[in-house]
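Residue numbers (this note's numbering), protein chains in the order written: chain E, 277 to 559; chain C, 4 to 307.
Where a beta carbon is used, it is the ideal one built from N, C-alpha and C, also for glycine.
The structure displayed is predicted, hence computed values, not measured ones.
What follows is a single structure, written as C-alpha cells, with notes after it.
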Amino acid sequence: MNTAMQTQAARRWLDYTIIAVIAVLAIGMLLPFLWLFSVSFKPVSEAYKLPPTFWPTSLDFSNYAAVLASRVPFLQIYGNSLLIAVVVTVGQLVTCTLAAFAFARLEFRGRDTLFVILLIGLMFPAQVTILPIYLGYAQVGLINQPIGLGLMYLTSSFGVFLMRQFMLSQPKALEEAALMDGAGYLKIFWRISLPQLRPALSALGIITFTQTWNYYFQARVLLGRETSMTLPVAMDVLRGYLGSGSLSLVMAAMSMSILPVVLLFLVAQKFVIEGITMSGIKN
Amino acid sequence: MITASMTAARRPSDLRRIQARTGYLFVLPTSVLYLTFVLAPVILTVILSFAYYDPMLGSRWVGFENFQRFFTDRRSLEILWNTLRFTCFAVTFNVSIGLILALALNRAMPGWLLYFFRLAFFLPVIIAAAFVSIVWSYFFGDDLGVINYFLRVLGLPAVRWLTDASTAMTSIVIMDVWKNTGFFMIIFIAALQGVPKSIMEAAVMDGTPAWRQFFRITLPYISPVVFFCIVYASIGALQVYESIVILTQGGPGDATRSLSILIVEQGFGSFQIGYAAAISVVMTVIILVITAIQQALSRKWVQR
C-alpha cells in the first residue's frame, strides 16, 4: 500500500516535471514570432540593437504605415495573395466534395481505378509539373497573372481523399431514406451530406487557404513581376528594398502577412487538427 | 434536369444508370483539372527529360543524355547528395522529436494548457517557410544574430551558422525541425490515443518498465503511423526549396544547394528545359521508391 502510494506520488512528480519541460520548449518555439512582433514596433534605428527583445515595448504602428507608403505595392501583393487563396479554397471545396461524394456514395464503372489514379497524384511534387505548366502558361499569357497560380490548384487529391474519409465515416441511413422518397442525388448531396460535413468543410477550407497562402516555389516561378507577386515571394524582395537598416519595416510587413493564417488558426485550431489527424491516421 | 429525371426513377436499373451518370458528372471537374495540371504535365516532363528543348532553334531527342549529364556531373551529384543528406537528417529529427513530444503530451493536463501547447508547437507548421526563414536569417546572423548573442552571454564561442560551409546545412535542419516537428507531434498524439488503454494498464500492473512498454506495446501499435510520417516527411524534405533559398541561397559555394534550386536554376535561369525535366524526374523517382519501400515494409510489419 505504502509503496503503491509512493510510486503514484513519484509518477505525479514525473508528470509535473515533463509538463514544465514542455512548457519551456513551447515558449522557445514561440520566440521567433515574439521577436518578429517586437521588432515590428521598434523605431528603425533600434531594430538591430542587442539584447534582442521578445515583447513589444510600445505599440507604435508607424512601421506598418511606412510599409504601405513604400514603393513596394504591398496592398496589391496582399490582394493577389487573398485572391488566389480565396479562389483556390472555394474551388477545392466545390470540386473535392463533389468528387468525394461520388467516390464514397455512388457506384459507377471505373470508380476505384479513378480514385487510385487520383491518389497517385499525392506523390508528384510541384517540381515535376511546373515546367510544362510554365511553357503552357507562356503560350496562353498566364505568366505573371495571379489567377494562373490559382487555376493550378482548383482541385487536389488530398482534398478529395480527406472529404471521402469524412463521408465514409457518416451514416448512410438518412441518404437512403431520401433516395426512397424519390430525392435526386444532387439534392441528397446538397441537403443531407453537406450539412453533416460542416466540420470537414472547415478543416479542408482552412488547410487549403493556409497552404495556398504559403506557396513559394510555384509562385516564384510563375509570378515574377512585382505587381503579380504573392506575399511569400514579395517578402524576399521587400527585404532587398527595405532590408538594410529597416528591419522593423520588414517585420511589420511580415506581421501583416501572417495575420490571416494566425487568426484562422486561433479561431479554428480544433478543425485544423481534426483534418490533419484524419488524413494522417487513416492513410 | 438531373433532379427531374431522378424523381421519376423507381426501377433499380434506372437508379443504377442515374447513379452512374451522377457519379461521372461529380468527378468530372476534378478529373479534368487533375488531367490538365497533374497527369499531363508529369507525362510531358518525362518526355521533355529525353529531349533538348528549344522552341526557337528546334528541339531534338537526346535519349538518356540529360540523365547521363546529371549522374556524371560532380556539381549535380554534390547537390543530390546535399538533398539526400538534408532529407535523412530532417526526417529523422522531425519524426523522432515529434514522437517524443507526443509521448510527453499524452498525459492528463488542463484543457487550456493543451490548447497552448498545440498552438505553440503547431504555429510554425502553418506559417509559410518563406516567412519564418527570413526571421531565422536574423536569428542565425554572425555578429548581430540573436542566437550568437545568447551564446556570447553564456560565455560560449559564436557560431557562423550560415556562412560556414560545414555548419550551414545543420542550421537549415535546425530551422526545418523547429518548423515541422509539430505536425508529426499532432499526428502521433492522435495515434497514441488509439493504443488500447486496457493493454497499457495491464502492463503497468505487471510492473513493466516504461521503456519496455514503449517498445513492446506502443511502438508496434503505432508503427503504420510512424511509416506514414517517415514517407510524408521524406516527400516534403526532398523538395526543400525556400528555406535554403532565403537562408543561404544554396551557399556557401554549393554546400546547401538542393535539387529544387538546381531545377529552377537550370530550367528557368539557363533555359535548359530538358535537363531540368530530367532532374525533376530523378526527384520523383526517389519519392516513388521511398513510397514503394514504405508500402512493402508496412505490409510486412503490420501483418506480423
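Reference residue i, options the options, closest by Cα
i	options	result
Tyr244(C)	Pro401(E), Thr389(E), Leu326(E) and Leu306(E)	Pro401(E)
Asn356(E)	Val543(E), Thr506(E) and Ser555(E)	Thr506(E)
Pro58(C)	Ser79(C), Arg121(C), Gln275(C) and Val248(C)	Gln275(C)
Leu307(E)	Gly367(E), Pro332(E) and Leu430(E)	Pro332(E)
Val497(E)	Pro327(E), Ile406(E), Gln282(E) and Ala299(E)	Ile406(E)
Val288(C)	Ser301(C), Leu159(C) and Leu241(C)	Leu241(C)
Ser174(C)	Thr184(C), Arg78(C) and Val162(C)	Val162(C)
Ala528(E)	Phe313(E), Arg288(E) and Leu430(E)	Phe313(E)
Phe317(E)	Asp336(E), Phe442(E), Ser522(E) and Ile303(E)	Asp336(E)
Leu351(E)	Thr503(E), Arg467(E) and Thr553(E)	Thr503(E)
Val41(C)	Pro408(E), Ala361(E) and Thr389(E)	Pro408(E)
Val315(E)	Val548(E), Gly551(E), Ser524(E) and Met554(E)	Ser524(E)
Tyr354(E)	Pro508(E), Gly424(E) and Glu550(E)	Pro508(E)
Arg440(E)	Ala476(E), Pro536(E), Trp311(E) and Ile549(E)	Ala476(E)
Tyr395(C)	Val49(C), Tyr278(C) and Trp115(C)	Because chain C is modelled from 4 through 307, residue 395(C) falls outside the range shown and cannot be assessed.
Arg302(C)	Val180(C), Tyr118(C), Val228(C) and Gly114(C)	Val228(C)
Arg287(E)	Met203(C), Glu81(C), Arg110(C) and Ile282(C)	Arg110(C)
Thr371(E)	Val297(E), Arg387(E) and Ser433(E)	Ser433(E)
Arg78(C)	Thr259(C), Val284(C) and Ser283(C)	Thr259(C)
Val543(E)	Phe119(C), Leu157(C), Val285(C) and Thr184(C)	Phe119(C)
Val404(E)	Pro127(C), Pro44(C) and Gln269(C)	Pro44(C)
Tyr492(E)	Leu411(E), Pro422(E), Tyr292(E) and Ile294(E)	Pro422(E)
Trp64(C)	Asp76(C), Gln71(C) and Ile50(C)	Ile50(C)
Leu290(E)	Leu108(C), Pro255(C) and Gln71(C)	Leu108(C)
Trp181(C)	Gln282(E), Ile303(E), Ala285(E) and Ile295(E)	Ile303(E)
Leu499(E)	Phe330(E), Leu418(E) and Gly412(E)	Leu418(E)
Check whether residue i and residue j have beta carbons under 8 angstroms apart
i	j	result
Trp166(C)	Asp146(C)	The sequence given here places Thr at residue 166(C); Trp does not occur at that position. For Thr166(C) and Asp146(C), no; Cβs fall outside 8 angstroms.
Ala236(C)	Val98(C)	yes
Val364(E)	Thr33(C)	no
Leu395(E)	Phe442(E)	no
Phe26(C)	Leu382(E)	Residue identity check: residue 26(C) is Gly in the sequence provided, not Phe. It is a contact, given that the beta carbons lie within the stated cut-off.
Ser469(E)	Phe377(E)	yes
Leu262(C)	Leu83(C)	yes
Ser488(E)	Ala299(E)	Residue 488(E) is actually Thr in this sequence, not Ser. No.
Phe125(C)	Leu104(C)	no
Ile189(C)	Val537(E)	no
Ala380(E)	Leu444(E)	yes
Ile308(C)	Val198(C)	Not covered by the structure: residue 308(C). The range shown for chain C is 4 to 307.
Arg515(E)	Ile137(C)	yes
Val548(E)	Ile464(E)	no
Arg88(C)	Met178(C)	no
Ser522(E)	Val297(E)	no
Leu425(E)	Ala510(E)	no
Ser52(C)	Ala280(C)	yes
Gln2(C)	Phe391(E)	Chain C is shown from 4 up to 307; residue 2(C) falls before or after that span and cannot be answered.
Asn85(C)	Val128(C)	no
Leu450(E)	Leu369(E)	no
Met203(C)	Ile295(E)	no
Phe29(C)	Ala459(E)	no
The region 253–266 of chain C: positions lying closer than 9 angstroms to chain E by Cβ: Leu262, Ser263 and Ile266
Quick one: which residues of the region 419–438 of chain E get their C-beta closer than 7 angstroms to a C-beta of chain C? List them in chain order. Met428, Leu430, Thr431 and Val436
For the region 321–335 of chain E and the region 443–463 of chain E, state whether three or more C-beta atom pairs, one from each stretch, are separated by less than 8 angstroms. no
Give a yes or no on contact between the region 338–345 of chain E and the region 527–538 of chain E, applying the rule of three or more CB pairs nearer than 8 angstroms. yes
Are three or more beta carbon pairs between the region 250–264 of chain C and the region 154–168 of chain C nearer than 8 angstroms? yes
Please specify which runs of the alpha helix (DSSP H), each continuous and at least 4 residues long, are wholly inside the region 45–118 of chain C, giving them in chain order. 68–75 and 77–108
Residues of the region 65–81 of chain C with a CB closer than 9 angstroms to any CB of chain E: list them in chain order, please. Residues of the region 65–81 of chain C whose Cβ lies closer than 9 angstroms to any Cβ of chain E: none.
When you compare the region 206–220 of chain C with the region 289–300 of chain C, are there three or more beta-carbon pairs, one atom per stretch, that lie closer than 8 angstroms? Cβ pair count under 8 angstroms is below three, so no.
contact_flag[the region 226–233 of chain C, the region 86–98 of chain C] where n(CB pairs < 8 angstroms) is 3 or more: yes
Please list the residues of the region 364–391 of chain E that have a C-beta atom closer than 8 angstroms to any C-beta atom in chain C, keeping them in chain order. Taking 8 angstroms as the upper bound on Cβ-Cβ separation, chain C lies near residues Val370, Thr371, Cys372, Leu374, Ala375, Phe377, Ala378, Phe379, Leu382, Glu383, Phe384, Arg385, Arg387 and Leu390 of the region 364–391 of chain E.
Kindly provide the ranges of any alpha helix (DSSP H) runs that are 4 or more residues long and lie completely inside the region 452–527 of chain E, ordered along the chain. 461–464, 474–490, 493–498 and 507–518
Can you give me, in chain order, the residues of the region 177–188 of chain C that have a beta carbon less than 8 angstroms from any beta carbon in chain E? Trp181, Gly185 and Phe186
Determine which residues of the region 125–140 of chain C have a Cβ less than 8 angstroms from any Cβ of chain E, and write them out in chain order. Phe125, Leu126, Pro127, Ile129, Ile130, Ala131, Ala132, Ala133, Phe134, Val135, Ile137, Val138 and Trp139
Any residues in the region 43–56 of chain C with a beta carbon nearer than 8 angstroms to a beta carbon of chain E? Which ones, in chain order? Listed by position, the residues of the region 43–56 of chain C near chain E (Cβ gap below 8 angstroms) are Ala43, Pro44, Val45, Leu47, Thr48 and Leu51.
Could you run through the region 294–321 of chain E and flag, in chain order, every residue whose CB is less than 9 angstroms away from some CB of chain C? Ile294, Ile295, Val297, Ile298, Ala299, Leu301, Ala302, Ile303, Gly304, Met305, Leu306, Leu307, Pro308, Phe309, Trp311, Leu312 and Val315
Residues of the region 87–112 of chain C with Cβ closer than 8 angstroms to any Cβ of chain E, in chain order: Leu104, Ala107, Leu108, Arg110, Ala111 and Met112
Starting from the N-terminal side, write out each stretch of the alpha helix (DSSP H) that is 4 residues or longer and does not extend beyond the region 218–286 of chain C. 222–241, 245–250 and 262–267
For the region 404–418 of chain E, list every residue whose C-beta sits within 7 angstroms of some C-beta in chain C, in sequence order. Val404, Thr405, Leu407, Pro408 and Ile409
At a Cβ cut of 9 angstroms, what residues of the region 21–33 of chain C count as close to chain E, listed as they run along the chain? Ile21, Gln22, Ala23, Arg24, Thr25, Gly26, Tyr27, Leu28, Phe29, Val30, Leu31, Pro32 and Thr33
Short-range partners of chain C found in the region 539–550 of chain E, where Cβ spacing is below 7 angstroms: Here the close residues are Phe541, Gln545 and Ile549.
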